[in-house]
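Residue numbers (the numbering used here): 1 to 331.
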């Protein structure tokens, strides 16, 4: 159904719209604003009919009624802008692709209220952020751990945020989203490729850690494929693997690889029991692992459908120098 538009923010109800909820009607009329945002605008008194304010999102519209929507300017972002250098891979009016360095926290939270990727994006994008949910801020649709490097896509508009969020919610099952990671893991998995499926939930004894669980937890699936066996002597001590996500749970790759007995190198949360393996490394490799000082995990490939143009975009990131140096030392 087409919407009868009188001006930018004034819309008339037609016979085909008879009985539709007001929030649904306005979502079709203002396709660049999310339904949740429009419901909030209605409740806050920003929608009027014949000069009277309508505050019920479930109001049933009638033919001939006209609704004026007052869309306020986005509020200033709550996190402060900070001039933090960013490696921008791609940017247009709707999205921005960042190659995140290890050590950069994505979103402000307890212990990291400043110096985050969000602070950096607010400074970098400025007024090109049109407002996510009415606030001038970047739309984070997925995250990387602080010490995980690699590719991230961030929305700059509400419409882009909706489109990207839908793709990430589907986790690639619709063929739109592609995400794969390079990981250095201890040992060599028995099979050259495999599928890991478990529930993932908080560890009862340590709520800061996640764990693979048989009952409960959130369903999670990781596909892995050995890219290279790294001997570092007579017997392979490590492998470079490609991990592709079918779901996107907290610490998923780190938890899954540890679950099958091959935790990520440098991961002291899920691979602390492999300290003896680190002592078996040749001196050059041990020094490279110490220099890395984090889990050897890198978001290497990212592909998705542009939420506005419909174009298929695909990006690849080279391994960071410290990661690549460890691979080379392990050869």
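Positions of the beta carbon are idealized from the N, C-alpha and C atoms, including for glycine.
- Taking the Cα positions, residue 139 is about 6 angstroms away from residue 132.
- Fully contained in the stretch 268 to 325 are the following beta strand (DSSP E) runs of length 3 or more, in chain order: 297 to 305, 312 to 316.
- For a cut-off of 8 angstroms, the C-beta gap from residue 294 to residue 147 is around 4 angstroms, short enough to register as a contact.
- Burial is judged here by how many other beta carbons sit within 10 angstroms of a residue's own beta carbon; residue 107 has fewer than 16 and is exposed.
- In this structure, DSSP gives residue 65 a state outside helix and strand, which the three-state scheme calls coil.
- In this structure, DSSP gives residue 10 an extended state, which the three-state scheme calls strand.
- With respect to the C-alpha of residue 57, the residue from 63, 141, 20 having the closest C-alpha is 20.
- In the DSSP annotation of this structure, residue 242 is not part of any alpha helix (DSSP H); the continuous beta strand (DSSP E) holding it starts and ends at 238 to 245.
- Taking all protein chains in view, the Cβ of residue 210 is crowded by 16 or more other Cβ atoms within 10 Å, so the residue is classified as buried.
- Comparing C-alpha distances from residue 226 to each of 122, 273, 250, 186 shows the shortest one belongs to 186.
- Nearest in C-alpha terms to residue 67, of all of 54, 61, 49, 322, is 49.
- By the neighbour-count criterion, in which a residue is buried when 16 or more other Cβ atoms sit within 10 angstroms of its Cβ, residue 63 is exposed.
- In the pairwise beta carbon analysis, the stretch 305 to 324 is classified as touching the stretch 93 to 108: at least three pairs are separated by under 8 angstroms.
- Residue pairing of residue 174 in beta bridges, as defined by DSSP: absent, with no partner found.
- One Cα belongs to residue 246, the other to residue 165, and the distance between them is close to 15 angstroms.
- CA-CA distance, residue 105 to residue 203, rounds to 23 angstroms.
- DSSP places residue 99 in the uninterrupted beta strand (DSSP E) bounded by 95 to 100.
- Residue 180 places its beta carbon less than 8 angstroms from that of residue 300.
- The continuous beta strand (DSSP E) containing residue 226 extends over residues 218 to 230.
- About 14 angstroms separates the beta carbon of residue 23 from that of residue 3, a gap too long to meet the 8 angstroms contact definition.
- Straight-line measurement puts the Cα of residue 46 at about 46 angstroms from the Cα of residue 297.
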